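Student: First residue of the sequence shown: 9, per our numbering; consecutive thereafter.
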Amino acid sequence: MRRFAMSVSVALLIAGGALAQGAGSGLERGGAGQGRPGDRAPALDLLQVNPLAIITLPGVREELQLTEEQSGKIREILSKARPGADATPERRRALNDEALREVAAVLTPKQRERFEQILLWVAGPVAMARPDVARRVGLTQEQSQKIAEMVRGFAQAMAPRADANPPDRQALRERIQKARGELDAKILELLTAEQRAAWDRLRGPEFRLAGGR
Numbered sequence: 009m010r011r012f013a014m015s016v017s018v019a020l021l022i023a024g025g026a027l028a029q030g031a032g033s034g035l036e037r038g039g040a041g042q043g044r045p046g047d048r049a050p051a052l053d054l055l056q057v058n059p060l061a062i063i064t065l066p067g068v069r070e071e072l073q074l075t076e077e078q079s080g081k082i083r084e085i086l087s088k089a090r091p092g093a094d095a096t097p098e099r100r101r102a103l104n105d106e107a108l109r110e111v112a113a114v115l116t117p118k119q120r121e122r123f124e125q126i127l128l129w130v131a132g133p134v135a136m137a138r139p140d141v142a143r144r145v146g147l148t149q150e151q152s153q154k155i156a157e158m159v160r161g162f163a164q165a166m167a168p169r170a171d172a173n174p175p176d177r178q179a180l181r182e183r184i185q186k187a188r189g190e191l192d193a194k195i196l197e198l199l200t201a202e203q204r205a206a207w208d209r210l211r212g213p214e215f216r217l218a219g220g221r
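1. Select from Ala167, Val111, Leu108, Val134 the residue whose C-alpha is nearest the C-alpha of Arg183.
2. Alpha carbons only, please: which of Arg177, Val68, Val145 is nearest the one belonging to Gln119?
3. Can you have a look at Ala193 and say buried or exposed, based on whether 16 or more other CB atoms are within 10 angstroms of its CB?
4. By the three-class DSSP mapping on this structure, what secondary structure does Leu217 have?
5. Identify, in the order they occur along the chain, each residue of the same chain with its Cβ nearer than 8 Å to the Cβ of Leu60, setting aside the five sequence neighbours on each side.
6. For the region 189-204 and the region 155-166, state whether three or more C-beta atom pairs, one from each stretch, are separated by less than 8 Å.
7. May I ask you to report which of helix, strand or coil DSSP gives Leu6?
8. Could you tell me the boundaries of the alpha helix (DSSP H) in which Pro97 lies?
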């Protein structure tokens, strides 16, 4: 097991889509949970992992065994993808999607597969809210609906109230981590032994980030 330093939001939960599937994968589509504006509650925006942020982490680059040439190409892609301060949400989404497609093209099939696994380790069981992951784990429609309800409940519980004072950052971090652990446990309790084995196979070798998931 490897542990790597990480400086990302504690609210990064759901990984981008199935990178190992090549064309049409979540890496090229911009990840799970994007949808159309208004399709989800704003709090659900917290429940995402940005593959473009994850792939910049030194430990992830090491795990993927990126070459200097690949690392240089990815830095160039990310530099081009930075939106201006006045960019619209649609423009930001388009830049992100294009960058994801270009990053997918830089990685080898083996690297894409491992990157998908890394994102699932970062996301944890909440990733099963993604239809493609649910399908590969073998979830029933009833299980998927229950997970979706759990995720919505988590997002609503973590959403700040309009009349609330700014929270203490440490207290908020601890609150989110506690609620997240409870959410993970509830999702795993829904799985059969066969589904749990499928989930473990899907993630591949264990990958952890020091100070995070």
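Backbone N, C-alpha and C fix where the C-beta goes; we use that ideal spot for every residue, glycine too.
Here the structure is a predicted model, which is why all the values come from computation and not from measurement.
Tutor: Taking the geometry as given:
1. For the purposes of this step, residue 183 is taken as residue 175 along the sequence shown, with counting starting at 1. The candidate whose alpha carbon is nearest that of Arg183 is Ala167.
2. Residue numbering aside, residue 119 sits at position 111 when the sequence shown is read from its first letter. Of Arg177, Val68, Val145, the residue nearest in Cα terms is Val68.
3. Locating residue 193 in the sequence shown gives position 185, where the first residue counts as 1. By the 10 Å Cβ count, Ala193 comes out exposed.
4. Walking along the sequence shown from the start, residue 217 turns up at place 209. Three-state DSSP puts Leu217 in a strand.
5. Within the sequence shown, the letter at position 52 stands for residue 60. Within the same chain, Leu60 has close Cβ partners Leu86, Ala89, Asn104, Ala107, Leu108, Val111.
6. yes
7. Beyond the ends of the chain as shown, which are 9 and 221, falls residue 6; an answer cannot be given.
8. Within the sequence shown, numbered from 1, the residue matching residue 97 stands at position 89. It spans 97-114 - the alpha helix (DSSP H) in which Pro97 sits, taken as one unbroken run.
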